[in-house]
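Input: a single structure, listed below in structure tokens.
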Amino acid sequence: MSRFLGPIHHWLFNKIKLYEDLEKEVVDAFKEQYDGIEKIVENNINEYGERLPNKPLEEIIDTGNIHGWLQSKIVISETRHAGILRDLFNTYKDDGVLLANSVYKENGIKCGLNAKEQYAPSNAEELYKILNNYILDGMPCDNINNVTDSTANKVEYKHDTCLHINYWNKAGVEPNKMYDLRRIWTESFINSANPEFKYQVTIEEDNGNRKFHHTIFKK
């Protein structure tokens, strides 16, 4: 593995940081309404790992194992995030789910408006590309998404494997709740980045496996 950092490493690192920022926003929203949230966070940090320090990538990465270091931070971030949501859902039931949904929606709007200002996406192909600057979907080498149709007015992509399910199962959080959160976030992001477009996803069960069909399309 190369000992030199490139743009793709900073790109992925930024997406992990964005996912951790979303986690912090969830925690802060619950702290405003409930007591005892700090203990939930502490327990999950102890179980799954610390958040990334507020330092540049160059100061904290293992340059002798760049790929492995980034992969390990994805694992820590995703399982801790899921563990926190598990405990919040178990403690606050439907009210906890509704509050998490609201935070994900607001974060998706915020990131979408940031993308609108920074990139000004004008079509579906640009929206799809820009979405992948924000949403965490494994390592670049995973090549999770298979684009099946790509035009200015519509991009369709699918994947037959969920990269997140093992983290969610390890944390013991209900996968369907997590899929709902990702859908809410992505819908909000796309509509905020360019209000002329919408996002939708369908999930099919195939002998216990989930298959996903995503569409970004002009209204």
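In this note's numbering, the protein residues as written are -15 to 203.
Ideal placement from N, C-alpha and C gives every residue a C-beta, glycine not left out.
Here the structure is a predicted model, which means the values were calculated and not measured.
Under 8 Å between C-beta atoms of residue i and residue j
i	j	result
G67	E31	yes
L111	N178	yes
N91	R64	no
L120	Y3	yes
A155	L83	no
F(-12)	L54	no
E142	F196	A quick correction: the sequence has Lys, not Glu, at residue 142. Yes, these two residues count as a Cβ contact at 8 Å.
I93	L36	no
I(-8)	P105	no
F73	K203	no
F201	K100	no
F173	Y118	yes
Status (buried if at least 16 other CB within 10 Å, exposed otherwise) for residue i
i	result
N38	exposed
L6	buried
T186	exposed
G96	buried
C146	buried
K108	In the sequence under discussion, the amino acid at residue 108 is Ala, which differs from the Lys named in the question. Flag for A108 reads buried.
H148	buried
A136	exposed
S56	exposed
D46	exposed
I(-5)	With the sequence shown as reference, residue -5 is identified as Trp, and Ile is not the correct amino acid for it. With fewer than 16 Cβ atoms within 10 Å of its Cβ, W(-5) is classed as exposed.
D133	exposed
S(-14)	Note that S(-14) has pLDDT 48, beneath the 50 cutoff, so the model's placement of it is unreliable and the number below is only indicative. Under this definition S(-14) is an exposed residue.
I21	buried
G(-10)	exposed
Any C-beta of chain D under 8 Å from that of residue i
i	result
L82	Of the chains in the structure shown, none is chain D; there is only one protein chain.
Spatially closest choice to residue i from the options, by CA coordinates
i	options	result
L165	L69, K23, P40 and E109	L69
D88	H(-6), I174 and V10	A small correction: the amino acid at residue 88 is Tyr; Asp does not occupy that position in the sequence shown. The residue with the shortest Cα to Cα distance from Y88 is V10.
N127	N116, T135 and A136	N116
D78	E42, R167 and E158	E158
S61	V25, Y76 and N74	V25
L41	E34, I50 and Q102	I50
T170	Y151, G48 and I114	I114
R167	S86, N191, Y151 and M123	S86
N130	T199, Q102, N74 and K100	T199
I58	S176, P(-9), K8 and E34	E34
E189	D71, E22, D144 and K8	D144
Y76	K15, E43 and G48	K15
Continuous alpha helix (DSSP H) stretch holding residue i: start and end
i	result
I29	I21 to Y32
K1	P(-9) to Q17
E188	No alpha helix (DSSP H) holds E188; the beta strand (DSSP E) holding it covers F181 to D190.
I44	L41 to I44
First and last residue of the uninterrupted beta strand (DSSP E) at residue i
i	result
T199	N193 to K202
Inset, instruction - Jot down the residue ranges of each uninterrupted beta strand (DSSP E) in the region 88 to 175, minimum 3 residues, whole runs only, in chain order. - result: 130 to 134 and 138 to 143
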